[in-house]
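First up is the structure itself, then whatever we jot down about it.
Right, here's the structure in full:
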């Protein structure tokens, strides 16, 4: 069955450093992959989408890579700030029609000043 | 950007009662909305896909008679948790996709349900 794995351990990082999160998937060949941010007690907020034919995508201080051979996406937050502290979720569309999303377990990031 | 609202944000009810949660797309029409539930420190689990004008499609293991979904208009979907029990306590979140082929989903702020 399809499986999406994110590091369940929280990532503690010093302000100004780059945070790197990993999303691995198996038994699946998605046409695209998405990253969301979720703050405690809130719904997720869409950040970036990267398609299977794109190696890298950037948005401000965020960078996403997508390696369909390794079945892995990396999510980078450069020059991290305390306000970046949140849980980051990767999501892939289901194999069936309807573009339903399946979410990874999320990785919590804590940026310390 | 697209905005999705949910109401109420929090609800506490007694066991056996029914609770209705509303999900609205404020500035776009959504023929499809999605309902998720999330337990503490866990990821979002899709419960059902709400289709305007037709029956909802439920994920495996989700009781359709327990979680009633009605997509009455292009901007409103409701989830009713019937005869709620403490194990139904969770964070319920809806999402919608704007028309035009975009793949990203816009999520509501969520509803915290506590069943006593």
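Chains as they are written, first to last, in the numbering used here: chain P, 443 to 555; chain Z, 94 to 209.
Where is the CB? At the ideal position from N, CA and C, for every residue including glycine.
* Asked: From what residue to what residue does the beta strand (DSSP E) around residue 99 of chain Z run?
  -> What you label residue 99 of chain Z is simply residue 6 of the second chain in a count that begins at 1. Where residue 99 of chain Z is concerned, the enclosing beta strand (DSSP E) stretches over 97-100.
* To do: Could you name each continuous beta strand (DSSP E) segment of 3 residues or more that falls completely within the segment 466-515 of chain P, going from the start of the chain to the end?
  => 474-480, 487-493, 498-501 and 504-509
* Asked: Which residues, in chain order, does the segment 469-480 of chain P contribute to contact with chain A at a C-beta distance below 7 angstroms?
  -> Here chain A cannot be found, since the structure's protein chains are P and Z.
* Neighbourhood of residue 120 of chain Z by C-beta distance below 7 angstroms, restricted to the same chain and skipping five residues each side -> Here the question's residue 120 of chain Z lines up with position 27 in the second chain. Once the five neighbours on either side are set aside, the close Cβ partners of residue 120 of chain Z are 95 and 96.
* Asked: Given 8 angstroms as the limit, is there contact between the segment 519-532 of chain P and the segment 479-492 of chain P, that is, 3 or more CB pairs closer than that?
  -> yes
* For residue 204 of chain Z and residue 98 of chain Z, the rounded distance between their alpha carbons -> The residue given as residue 98 of chain Z occupies position 5 in the second chain. The residue given as residue 204 of chain Z occupies position 111 in the second chain. Distance between the alpha carbons of residue 98 of chain Z and residue 204 of chain Z is about 10 angstroms.
* Asked: Whole beta strand (DSSP E) runs in the segment 118-162 of chain Z with 3 or more residues, listed along the chain?
  -> 125-131 and 138-144
* Asked: Within 8 angstroms (strictly less), CB to CB, does residue 484 of chain P reach chain Z?
  -> Here residue 484 of chain P refers to the residue found at position 42 of the first chain. Judged by the 8 angstroms Cβ criterion, residue 484 of chain P is in contact with chain Z.
* So, is residue 525 of chain P buried or exposed, given that buried needs 16 or more other C-beta atoms within 10 angstroms? -> Locating residue 525 of chain P in the first chain gives position 83, counting from the first residue. That one is exposed.
* Cβ contact check for the segment 99-118 of chain Z and the segment 159-177 of chain Z: 3 or more pairs under 8 angstroms -> yes
* To do: Spell out a yes or no on whether the segment 100-111 of chain Z and the segment 469-481 of chain P are touching, meaning 3 or more CB-CB pairs, one atom from each, closer than 8 angstroms.
  => no
* **Residue burial classification, residue 108 of chain Z (beta-carbon count within 10 angstroms, cutoff 16)** => Taking the first residue of the second chain as position 1, residue 108 of chain Z is located at position 15. Exposed is the call here.
* Asked: Span of the beta strand (DSSP E) holding residue 207 of chain Z?
  -> Indexing the second chain from 1 puts residue 207 of chain Z at position 114. Here the beta strand (DSSP E) through residue 207 of chain Z covers 204-208.
* Asked: What residue range is occupied by the uninterrupted beta strand (DSSP E) comprising residue 543 of chain P?
  -> Counted from its first residue, the first chain places residue 543 of chain P at position 101. Segment 543-545, the beta strand (DSSP E) holding residue 543 of chain P.
* To do: Return the first residue and the last residue of the beta strand (DSSP E) that residue 173 of chain Z is part of.
  => By one-based count along the second chain, residue 173 of chain Z stands at place 80. Residue 173 of chain Z -> beta strand (DSSP E) spans 169-174.
* Asked: Any idea which residues DSSP pairs residue 549 of chain P with across the strands?
  -> Start at 1 with the first residue of the first chain, and residue 549 of chain P comes out as number 107. Partner(s): P:530.
* Let me know the secondary structure DSSP gives residue 179 of chain Z once reduced to three states. => As a working note, residue 179 of chain Z is residue 86 in the second chain. It is helical.
* Note down, in chain order, every chain P residue with its Cβ under 9 angstroms from the Cβ of residue 135 of chain Z. => Locating residue 135 of chain Z in the second chain gives position 42, where the first residue counts as 1. Near residue 135 of chain Z (Cβ distances below 9 angstroms), the residues of chain P are 547 and 548.
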